[in-house]
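First the structure, in the form of structure tokens, and then the observations on it.
Numbering (my numbering), first residue to last: 37 to 218.
Given below as structure tokens:
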């Protein structure tokens, strides 16, 4: 199933000056409030990966959980949660990274993946790539590999997709925005 990028873009709400002045936050909430749009987005991802050779879905805290859990269910794949620091109860691996707003840490249960596993990582958008790069580093530390990084939105001017590609990680996004798009 192919979705019309214009339709997706029209359901992504720009929130000016959030979380700080000068930033246009891309709110995917309206996409999730539209049953048709949600189905189109998830069916597009499922269609892309239904016959792909990978073993796990990785979902980034927190909006990536919305996408990753649905796709893991649709494709009958195990779901690996990449959480903000201090949210997981068992032994974890941790990876620091830079966000647009400062430093953060991403964690994953240390027993989530094994050598030979392959992961499609999901988040709502790719900005600087910090979260997905941290997750990719954690995946590699467990002996697994990243099949692809996927998101609804790409913000190419922030360079995240290019950073992932430079690490040998293919990216796939359903739509993109320029930083000045409103």
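Glycine is no exception: its CB is placed at the ideal position from the N, C-alpha and C atoms.
May I ask which residues mark the beginning and end of the alpha helix (DSSP H) holding residue i?
i: residue 86; result: Run containing residue 86: none; DSSP gives neither H nor E here.
i: residue 63; result: Looking at the DSSP string, residue 63 is not in any alpha helix (DSSP H); the run it does join, the beta strand (DSSP E), is 60 to 63.
i: residue 104; result: 99 to 111
i: residue 201; result: 196 to 202
So, with DSSP's three-state summary, where would you put residue i?
i: residue 217; result: coil
i: residue 148; result: coil
i: residue 163; result: coil
i: residue 124; result: coil
i: residue 129; result: strand
i: residue 66; result: helix
i: residue 96; result: strand
i: residue 169; result: helix
i: residue 78; result: helix
i: residue 114; result: coil
Is it true that the CB of residue j sits closer than 7 angstroms to the CB of residue i?
i: residue 144; j: residue 118; result: yes
i: residue 168; j: residue 188; result: no
i: residue 214; j: residue 158; result: no
i: residue 172; j: residue 191; result: no
i: residue 180; j: residue 208; result: no
i: residue 83; j: residue 113; result: no
i: residue 154; j: residue 90; result: yes
i: residue 97; j: residue 120; result: yes
i: residue 71; j: residue 49; result: no
i: residue 129; j: residue 200; result: no
For residue i, does the count of other Cβ atoms within 10 angstroms reach 16, so buried, or fall short, so exposed?
i: residue 216; result: exposed
i: residue 197; result: buried
i: residue 87; result: exposed
i: residue 99; result: buried
i: residue 51; result: exposed
i: residue 170; result: buried
i: residue 279; result: This structure leaves residue 279 out entirely; the chain is present only between 37 and 218.
i: residue 126; result: exposed
i: residue 37; result: Because residue 37 sits at a pLDDT of 47, beneath the cut-off of 50, its placement in the model cannot be relied upon, and the following sentence gives the value as read from the coordinates. Exposed, by the Cβ-count rule.
i: residue 85; result: buried
i: residue 104; result: buried
i: residue 139; result: exposed
For residue i, tell me which candidate among the options has the shortest Cα-Cα distance.
i: residue 165; options: 195, 146, 62 and 214; result: 195
i: residue 160; options: 58, 78 and 54; result: 78
i: residue 178; options: 212, 116 and 200; result: 116
i: residue 111; options: 156, 68 and 142; result: 156
i: residue 46; options: 64, 103 and 149; result: 64
i: residue 69; options: 60, 44 and 175; result: 44
Could one say the Cβ of residue i lies closer than 7 angstroms to chain B's Cβ atoms, at least one of them?
i: residue 93; result: Given the protein chain composition of this structure (a single chain), no chain B is represented.
For the beta strand (DSSP E) containing residue i, name the first residue and the last one.
i: residue 205; result: No beta strand (DSSP E) holds residue 205; DSSP gives it neither H nor E.
i: residue 184; result: 181 to 190
i: residue 50; result: 49 to 52
Can you determine whether any heavy atom of the ligand COA sits closer than 6 angstroms to the C-beta of residue i, and answer yes or no?
i: residue 107; result: You won't find the ligand COA in this model; it holds no ligand whatsoever.
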